[in-house]
Amino acid sequence: MITAERKPLEEILQSVSSFDRILIVGCNECVTVCAAGGRKEVGLLASALNMSMLKAGRPVQLTEHTLERQCDPEYVDELAQLVTGADAILSMACGCGVQELARRYRDKPVLPALNTKFMGAAERPGVWAERCAGCGNCVLGVTGGICPIARCSKRLMNGPCGGSGNGKCEISDEVDCAWQLIWDRLKALGKTDLYEQNMDAKDWRPAGGGGPRRIVREDLTE
Ligand code: SF4
Ligand code: SF4
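Each number in this note's numbering corresponds to the 1-based position in the sequence shown with 238 added.
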């Protein structure tokens, strides 16, 4: 999923300070799962903003709404009436949702309430870790299911580097060396021959180095 964290309240307050009617929009997908921008977080942010604004002697009108998916035009349309009555939209989706609202409602400022982080998985309750960098050409099949791009600090396609020690990455004793993990996993699978085969230098064009990416499925286009 796409992970995100809420921006500091002070920063959000600053971004909405010139508006009287604010529509706060959450998303029921990834940001709900990582407890950053679902219905519950929309309610919490609205309460915090309300209290801060009242304290500052500047009450505002706050409207709350959470969409099924904020990055999907099919759902974004249902906001039309609420947007009409708002001076600004405060999005609690990832950057994709913020941009979809900005594309659909061109005459309204759309402000991000979250910092979008990475594509990750839950390691344990309350802890999410990066797992995929969307490189466009997945190599997990030859790396034991462990991503050398998202999980190696140097994005090495052949590792480990000289900084690996005791299974940890040179950046911190608390960070596993991805290439140690890859080796351990390939060993457990009886596939160390895969480790011996050097991978070619990465072509970064499918990873975004060739410009903004799109997927076009002719069978689904209208
Ligand atoms: S190899 Fe690329 S697509 Fe596969 S998990 Fe890593 S970043 Fe994602
Ligand atoms: S120590 Fe391991 S994870 Fe860290 S940069 Fe080197 S190969 Fe990558």
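We put the CB at the ideal spot given by N, CA and C, even for glycine.
When the Cα atoms are used, Thr-304 and Ala-284 turn out to be separated by approximately 12 Å. In the three-state reduction of the DSSP assignment, Lys-425 falls in the helix class, which pools H, G and I. Put simply, the residues with a CB less than 6 Å from any heavy atom of ligand 1 are Cys-370, Ala-371, Gly-372, Cys-373, Cys-376, Val-377, Leu-378, Cys-385, Ile-387, Ala-388, in chain order. Around the Cβ of Ile-453, a 10 Å sphere holds fewer than 16 other Cβ atoms; the residue is exposed. Across the structure, Ile-384 and Ala-416 are spaced so that their CA atoms are roughly 7 Å apart. If you check the CB distance, Ala-351 and Leu-317 do not come in under 9 Å. A residue is called buried when at least 16 other Cβ atoms come within 10 angstroms of its Cβ; Thr-459 does not meet this threshold and is exposed. Assignment of alpha helix (DSSP H) within the stretch 266-347, counting only whole runs of 4 or more residues, yields 268-271, 277-293, 311-314, 318-322, 333-342 in chain order. Between Ile-250 and Leu-287, the CB-CB gap stays under 9 Å. Val-380 is the residue among Arg-455, Ser-256, Val-380 whose C-alpha sits nearest the C-alpha of Asn-436. Under the three-state reduction of DSSP output, Gly-358 falls in the strand class.
Contact between Lys-355 and Ala-242 is confirmed by a C-beta separation of about 6 Å, below the 8 Å threshold. Using a Cβ-Cβ distance cut-off of 8 Å, the stretch 275-283 and the stretch 360-374 are not in contact, since fewer than three pairs of beta carbons, one from each stretch, lie closer than that value.
In the three-state scheme derived from DSSP, where H, G and I count as helix and E and B as strand, Leu-352 is classed as strand. DSSP, reduced to helix, strand and coil, places Arg-455 outside both helices and strands of the structure shown, so it counts as coil.
The beta carbon of Trp-417 sits closer than 8 Å to at least one heavy atom of ligand 2.
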